[in-house]
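Student: Dumping the structure here so I can ask a few things about it.
2 protein chains.
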Amino acid sequence: MNSPLAHRLRSARQVANLTQQQLGIRLGMDPNTASARMNQYEKGKHAPDYQTAKRMADELGVPVAYLYCDDDQLAELICVIAKLKESEKAELLEKLR
Amino acid sequence: MNSPLAHRLRSARQVANLTQQQLGIRLGMDPNTASARMNQYEKGKHAPDYQTAKRMADELGVPVAYLYCDDDQLAELICVIAKLKESEKAELLEKLR
DNA sequence: AACAATACTAAGTATTGCTTAGTATCAAAT
DNA sequence: ATTTGATACTAAGCAATACTTAGTATTGTT
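Top line first, the protein sequences correspond to chains A and B. Going by the working numbering, the first residue of the first sequence is number 887, and it counts up by one from there. Going by the working numbering, the first residue of the second sequence is number 887, and it counts up by one from there.
This is the structure in structure tokens:
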């Protein structure tokens, strides 16, 4: 089992309409290395540390847990639920248990 | 921002009523190093690679995304939702959008 | 075809995790 | 109160992995 981060990252970056380098720079990477690093993450060659993954998620408007979610259906739900208000999430949690 | 994995791991391990070493051994680690490694993960000293985190999650009965979730409310929802049937998840997703 | 922009990669260096070899802490038994 | 065993924890060196460098490959545009 290899990390779902690569595919989720690519998908979210494309939705945001950014190049690999652009995204890397926005995350605070050196412009000279941003392209190579981001590509290595997207191709699954290397894995970013958590702090970097969190910044990616914030920049791309998805919950960081989404990047690590191996189940497509749950991944979708994570994105949708994250957009709810706190009270709505509390309500949903109540209803589910 | 440091990784939520440490705290989520401890919490899930304690619910499962396992020692750090016991859990490490179940994940396939060398019994001589299982204790040290698991402790380093739980104290946030080091981060496991994804494959190890996935095995932890499977063994502890939580979705792997839960270990990386930085929002407590969303983390709870992830655990509860993961227990639903596929059809129920599909239904929930429909309703939310 | 030529060019620019974007994506991608090998290999060396820098950084981080894993192993080793312990110490610290806590609970139970004597 | 002390010993014992179980569990938790840690420093430091070694092994493995990520980051940087210096490019090549691909794609789209004129």
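All C-beta atoms, glycine included, are put in the ideal place defined by N, C-alpha and C. Predicted model only: the values in this text are computed from it and were never measured.
Please name the residue, chosen from P890/A, E977/A, G914/A, that lies closest to M942/A on a Cα-to-Cα basis.
Tutor: Among P890/A, E977/A, G914/A, the Cα nearest to that of M942/A is on G914/A.
Student: In the segment 895-921 of chain B, which residue ranges form an unbroken alpha helix (DSSP H) of at least 4 residues, counting only runs that do not cross its ends?
Tutor: Runs of the alpha helix (DSSP H) inside the segment 895-921 of chain B: 906-912.
Student: Name the chain B residues that come within less than 9 Å of Y927/A, Cβ to Cβ?
Tutor: What Y927/A touches in chain B: nothing, since even the nearest Cβ is about 12 Å away.
Student: Could you tell me the boundaries of the alpha helix (DSSP H) in which R941/A lies?
Tutor: Taken as a continuous stretch (DSSP letters only), the alpha helix (DSSP H) holding R941/A covers 936-946.
Student: Skipping 5 residues on each side, what residues in its chain have a beta carbon closer than 7 Å to that of G910/A?
Tutor: Same-chain partners within the cutoff: A920, S921, R923, M924.
Student: I need the DSSP call for R923/A, collapsed to helix, strand or coil.
Tutor: Helix.
Student: Can you name, in chain order, every residue of its own chain whose Cβ lies under 6 Å from the Cβ of E972/B, other than the five neighbours on each side?
Tutor: Correct list: empty, nothing qualifies.
Student: State the Cα-Cα distance for the pair Q907/A and N903/B, rounded to the nearest angstrom.
Tutor: Rounded to the nearest angstrom, the two C-alpha atoms are 45 Å apart.
Student: Starting from L970/A and walking both ways along the alpha helix (DSSP H), at which residues does that stretch end?
Tutor: That residue, L970/A, is in no alpha helix (DSSP H); it is neither H nor E in DSSP.
Student: Distance cutoff 8 Å, beta carbons only. Does E945/B sit that close to anything in chain A?
Tutor: No, E945/B lies away from the interface with chain A (no Cβ there is under 8 Å from its Cβ).
Student: Kindly indicate which residue of D935/A, T905/A, G930/A, V950/A has the alpha-carbon position closest to the one of A968/A.
Tutor: Of the listed residues, the one whose Cα sits closest to A968/A is V950/A.
Student: Could you tell me whether any Cβ in chain B is nearer than 8 Å to the Cβ of K975/A?
Tutor: Output row for K975/A: interface = yes.
Student: Using a threshold of 8 Å, state whether the C-beta atoms of S889/A and Y936/B are closer than that.
Tutor: Yes, the pair counts as a contact, with Cβ atoms nearer than the cut-off.
Student: Could you compute how far the alpha carbon of A898/A sits from the alpha carbon of L970/A?
Tutor: Taking the straight line from one Cα to the other gives about 19 Å.
Student: With A951/A as the anchor, note down where its alpha helix (DSSP H) starts and where it stops.
Tutor: Its alpha helix (DSSP H) spans residues 950-954.
Student: Any Cβ of chain A within less than 8 Å of the Cβ of L913/B?
Tutor: Not an interface residue.
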